[in-house]
Structures are given as C-alpha cells and as structure tokens.
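Trainee: Counting in the working numbering, the sequence shown runs from 122 upward without gaps. The C-beta atom is built at its ideal place from N, Cα and C for all residues, glycine as well.
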Amino acid sequence: MQPIRKTILSTRPVSAALVRAAQSKNIELEAISFIETEAIEDVEVQQEIEQAALQKAAIVFTSMNAVKAVTDMLDQQVPEWRIYCIGHKTQELVSDYFGAQSIAATADHAMALADAIIEDSPEEVFFFCGNNRRDELPHQLQEHNIVVNEITVYQTRLLPHKVDKAYDAVVFFSPSAVDSFFKLNKLPEHTIVYAIGNTTKAAVKKYCSNPVKVGDSPDKEALIRKVITSS
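1. Under the assumption that VAL333 contacts ILE129 (Cβ atoms under 8 Å), give the Cβ distance between them as a whole number of angstroms.
2. For the segment 148 to 156 and the segment 258 to 272, state whether three or more C-beta atom pairs, one from each stretch, are separated by less than 8 Å.
3. Which term fits VAL166, buried or exposed, when burial requires 16 or more other beta carbons within 10 angstroms of its beta carbon?
4. Ends of the alpha helix (DSSP H) at GLU169?
5. Rank ALA225, CYS329 and GLY251 by C-alpha distance to the C-alpha of ARG242 and give the top, closest one.
6. Kindly indicate which residue of GLN172, TYR205 and LEU214 has the alpha-carbon position closest to the one of ASN186.
7. Under a three-way DSSP split, which group does VAL188 fall into?
8. Under 9 Å, do VAL314 and PHE293 count as touching if we go by C-beta distance?
9. In angstroms with no decimal places, state the Cα-to-Cα distance between THR320 and PRO296.
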C-alpha cells in the first residue's frame, strides 16, 4: 500500500464511495459531524403545515432537512404546491415526494432563488426553514412586497469536537458547522479550507486567514470530489 499523501476532514458524513475515491489517490478522508439537525415535531408546526397544505401555495425550501421535516409531517398527503428550492439534492427530494411538475424554480444560492420568486411575483410564500436560517432570502422577498410566512420545521445543534491532527484540507458545508468547529479548534497555516458557498466562506474568514476555496454548486458530494481531485 502506498503511504498516505494527504489528509482531508469533512465536517459532515461522507459516503463509502467517496472514501474509496480518496484512497485510490492515497488520500485519507475522515468525516466528523460538527452539527446535528432534528425535526421540530409539535402541534403548532403540524397545524401550520396542514394549513399550508390546504392551499395552492408558493413554497420555499432552502435545505434537504426542511423537505424531510415537512414531508414526514404531511404523512403521504401531496398538496398542490408551487415549490422553489436550492440545490440539486433538495430538488431531488422535492421531485420524489411532490413530483417534478411541482418545481417552479431552482437556484444555487438564496439570492438567485429570491430573484426567481420575485419574477413570478406571488403575493405570499411559505418558507419552511431551520432555526439558524439566513436573512437574505426573506428580506429580499419582503423588499418586493411579498409576504413571507416563515415556519421553522427543524433545529440545528452544534457538536463541537477537539480534533487531534493537522489536516491538509478541511471542508465546511454550513456556517453553523464552522462556528462549531472553531469553538475547540484552530487551523494550521498550511491547511486549505473548502466551503460549500460564499456565506460559509464568510463564516470561515471570521476565524482564520487560511485560503478558502468555494464549491461550484451546492452539491455536497461534488465539493468533496473537487477536494479529492485538487489534493
């Protein structure tokens, strides 16, 4: 076996296929989760989702976690929604449950999705989100007089861990994971940071001056593959 050439830390779980892809290039890919998400399962959230389900509503999903939380609550009911979403994997989940015809628009980041919604000019939207959601999208919609009914359907908790090695690259997928990582860790100067998007990059820059490379899309697996091929 060839000696390990590089070490990469992913701050969320990765597939066995990605670990093997890294090994084929003599790269050690480790995964440590620095956040966890949990659906909010209470009567109030259930009722808000049920009320939205009665309408031919415009719906916004910016994460897979929100889609999973809402579809679990719908319990096989399929409303006639027009859905706006961010990212390929989120789009796949929406298509699987609601059908491809439900998708009104997709985008790679929040501001681009906001532009698509504004172009369609619905009077109101239902925004299913987490407790740490970003402000940009709802603010942009409200600036254009679109009513945003915000329903928090999942929460994110930090899981700080002290890491015991110096990695050649560290990969972040959310500002929350960045905050969690830097609670107990600092990065060596030689470590290259990869971020899923510009908001995550900005979060990294609050803690260190290491170089930060941004993914080409919100596809998490594609970002890991980019790190492997670049290492």
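Mentor: The structure says:
1. In the sequence shown, the residue the question calls residue 333 occupies position 212. In the sequence shown, the residue the question calls residue 129 occupies position 8. Incorrect: roughly 15 Å between the Cβ atoms, too far for contact.
2. no
3. The sequence position of residue 166 within the sequence shown is 45, counting from 1. With 16 or more other Cβ atoms within 10 Å, it is buried.
4. By 1-based counting over the sequence shown, the position of residue 169 is 48. Its alpha helix (DSSP H) spans residues 164 to 174.
5. Position 121 of the sequence shown holds residue 242. It should be pointed out that residue 242 corresponds to Ser in this sequence rather than to Arg. It is ALA225 whose Cα lies nearest to the Cα of SER242.
6. Stepping through the sequence shown from its first residue, residue 186 is reached at position 65. Out of GLN172, TYR205 and LEU214, LEU214 has the C-alpha closest to the C-alpha of ASN186.
7. Here residue 188 corresponds to residue number 67 of the sequence shown, with the count starting at 1. Three-state result, VAL188: helix.
8. The count along the sequence shown starts at 1 and reaches residue 314 at position 193. The count along the sequence shown starts at 1 and reaches residue 293 at position 172. Taking 9 Å as the cut-off, the beta carbon of VAL314 is found closer than this to the beta carbon of PHE293.
9. Residue mapping note: residue 320 aligns to position 199 of the sequence shown, counting from 1. Residue mapping note: residue 296 aligns to position 175 of the sequence shown, counting from 1. Going by the C-alpha atoms only, they are around 7 Å apart.
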